[in-house]
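Undergrad: Numbering (our numbering), first residue to last: 13 to 295. Just so you know, even glycine gets a beta-carbon here, dropped at the ideal spot from N, CA and C. Bear in mind the structure is a predicted one, so any value in this text is a computation, not a measurement.
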């Protein structure tokens, strides 16, 4: 099943499977979300929960017991319930179950809230700890922005002038190796060579937003002020780029395996709610 919301400027469509945004169109019917061609990458904008990235050996430990989780967790592959809808907004919910407790031994509710406001789609996350014990988790977004022209016609413009140091991945884990993205007036022209070693992983950024330029003109702005980390990724010759606001990232080789000790993890107190949001603005 799918749900569509709209206003006078935009229309957004969301799958109930994974509560995944798969279309964002303007009044001219121009599509801004990647089509999901499986020859390159068969998704559009998955939710990453309860981990972001890859665990060492796809395994973690809670109270001396081992559990397995696939890359980016399980929420993106589960059916969400539509719990509320208006013309321009929709709320989806995923509740812990016997199936999730086998992989992740915590009682939770995960809500995704989509709201259209003029030329902007706001996406909010609520993570509710329904138990009487602390709950460790990571959460992240993975929207793939469609780039219909030649990849080299696009560029990134970061909000602030800063040293853009990113970590390299090795075997899907965060390595100690880093590189610096060189910018000119905060602008980085896009080319596939940037992604020859997979995603660019920024553990901490001063910038709270990133604008994609098309032929030197603003195309889309992603605002992620609530999120400390950012991933950027594409596939060779694919016509998309993923701008991924994150809380957390892949394990390092030195990770102990204890989820409570994982770098970047959030520890949510019993019966509390974690909230964050980001937005995609058509500019």
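#1: Could you tell me whether the Cβ atoms of residue 276 and residue 215 are closer together than 9 Å?
#2: Can you tell me whether residue 95 is buried or exposed, with buried defined as 16 or more other CB within 10 angstroms of its CB?
#3: Taking DSSP as the reference, what is the three-state secondary structure of residue 188?
#4: Can you list, in chain order, the residues of its chain whose CB lies under 7 Å from that of residue 270, leaving out five sequence neighbours each side?
#5: Of the residues 23, 82, 264, which one's Cα is nearest the Cα of residue 129?
#6: Could you give the distance in angstroms between the alpha-carbon of residue 80 and the alpha-carbon of residue 112?
#7: Quick check on residue 89: does DSSP put it in helix, strand or coil?
#8: What does a CB cutoff of less than 8 Å around residue 142 pick up in its chain, not counting 5 residues either side in sequence?
#9: Run through DSSP, which three-state label would residue 209 get?
#10: Check the C-beta distance from residue 294 over to residue 126 and give it rounded, since I have them as a contact under 8 Å.
#11: Got a sec, what are the start and stop residues for the alpha helix (DSSP H) residue 113 sits in?
#12: Within the continuous beta strand (DSSP E) that includes residue 23, where are the two ends?
#13: Alpha carbons only, please: which of 29, 57, 40, 42 is nearest the one belonging to residue 246?
#14: Pairing CB atoms from the stretch 202-212 with CB atoms from the stretch 242-260, are three or more of them under 8 Å?
#15: Is residue 165 closer than 9 Å to residue 226 when the C-beta atoms are compared?
#16: Apart from the five residues on each side of it in sequence, which residues of its chain come closer than 8 Å, Cβ to Cβ, to residue 89?
#17: Taking the beta carbon of residue 32 as the centre, do at least 16 other beta carbons fall within 10 Å, making it buried, or is it exposed?
#18: Using the Cβ count rule (16 or more neighbours within 10 Å means buried), how would you classify residue 287?
#19: Please tell me whether residue 234 and residue 151 are closer than 9 Å, where the distance is taken between their beta carbons.
#20: Locate the beta strand (DSSP E) running through residue 134, then write down its first and last residues.
#21: Mind checking who residue 227 pairs with in its DSSP beta bridge?
#22: As a quick exercise: from 27, 20, 34, pick the residue whose alpha carbon is nearest that of residue 40.
#23: Here's a check: name, in chain order, each residue in its chain whose Cβ is nearer than 7 Å to the Cβ of residue 154, leaving out the five neighbours to either side.
TA: Answer, in terms of the structure:
#1: Along the chain shown, read from residue 1 onward, the residue named residue 276 stands at position 264. Along the chain shown, read from residue 1 onward, the residue named residue 215 stands at position 203. When the beta-carbon positions are compared, residue 276 and residue 215 come within less than 9 Å of each other.
#2: Counting from 1 along the chain shown, the entry for residue 95 is found at position 83. Per the 10 Å Cβ criterion, exposed.
#3: Position 176 of the chain shown, counting from 1, holds the residue named residue 188. Three-state result, residue 188: strand.
#4: Start at 1 with the first residue of the chain shown, and residue 270 comes out as number 258. Excluding five sequence positions before and after residue 270, the CB atoms of its chain that fall closer than 7 Å to its own CB belong to 73, given in chain order.
#5: Along the chain shown, one-based indexing puts residue 129 at 117. With respect to the C-alpha of residue 129, the residue from 23, 82, 264 having the closest C-alpha is 23.
#6: Locating residue 80 in the chain shown gives position 68, where the first residue counts as 1. Locating residue 112 in the chain shown gives position 100, where the first residue counts as 1. The alpha-carbon atoms of residue 80 and residue 112 are separated by roughly 11 Å.
#7: In the chain shown, the residue the question calls residue 89 occupies position 77. In the structure shown, residue 89 sits in a helix (DSSP, three-state: H, G or I).
#8: Along the chain shown, read from residue 1 onward, the residue named residue 142 stands at position 130. Result list for residue 142: 108, 119, 120, 121, 283, in chain order.
#9: Taking the first residue of the chain shown as position 1, residue 209 is located at position 197. Three-state result, residue 209: coil.
#10: In the chain shown, the residue the question calls residue 294 occupies position 282. In the chain shown, the residue the question calls residue 126 occupies position 114. The pair is not a contact, with the Cβ atoms about 15 Å apart (cut-off 8 Å).
#11: One-based indexing of the chain shown puts residue 113 at position 101. In the DSSP annotation of this structure, the continuous segment of the alpha helix (DSSP H) that includes residue 113 starts and ends at 110-115.
#12: Here residue 23 refers to the residue found at position 11 of the chain shown. Residue range 22-27 is occupied by the beta strand (DSSP E) that includes residue 23.
#13: Here residue 246 refers to the residue found at position 234 when the chain shown is read from its first residue. When C-alpha distances from residue 246 are compared across 29, 57, 40, 42, the shortest belongs to 57.
#14: The stretch 202-212 vs the stretch 242-260: in contact.
#15: Within the chain shown, the letter at position 214 stands for residue 226. Within the chain shown, the letter at position 153 stands for residue 165. Going by C-beta atoms, residue 226 is nearer than 9 Å to residue 165.
#16: In the chain shown, residue 89 corresponds to position 77, counting from 1. Non-local C-beta neighbours of residue 89 in its own chain, meaning closer than 8 Å and more than five positions away in sequence, comprise 29, 30, ordered along the chain.
#17: Working through the chain shown from its first residue, we reach residue 32 at position 20. A residue is called buried once 16 or more other Cβ atoms fall within 10 Å of its Cβ, and residue 32 is buried on that count.
#18: By 1-based counting over the chain shown, the position of residue 287 is 275. Label assigned to residue 287: exposed.
#19: By one-based count along the chain shown, residue 234 stands at place 222. By one-based count along the chain shown, residue 151 stands at place 139. No.
#20: Looking up residue 134 in the chain shown gives position 122. Per DSSP, residue 134 belongs to the beta strand (DSSP E) from 132-141.
#21: Against the chain shown, residue 227 aligns to sequence position 215. DSSP output for residue 227 lists no bridge partner at all.
#22: Counting from 1 along the chain shown, the entry for residue 40 is found at position 28. Checked all of 27, 20, 34; the closest Cα to residue 40 is 20.
#23: Here residue 154 refers to the residue found at position 142 when the chain shown is read from its first residue. Annotation for residue 154: 57, 58, 60, 254, 256 place their beta carbon closer than 7 Å to its own, counting only its chain and skipping 5 residues before and after.
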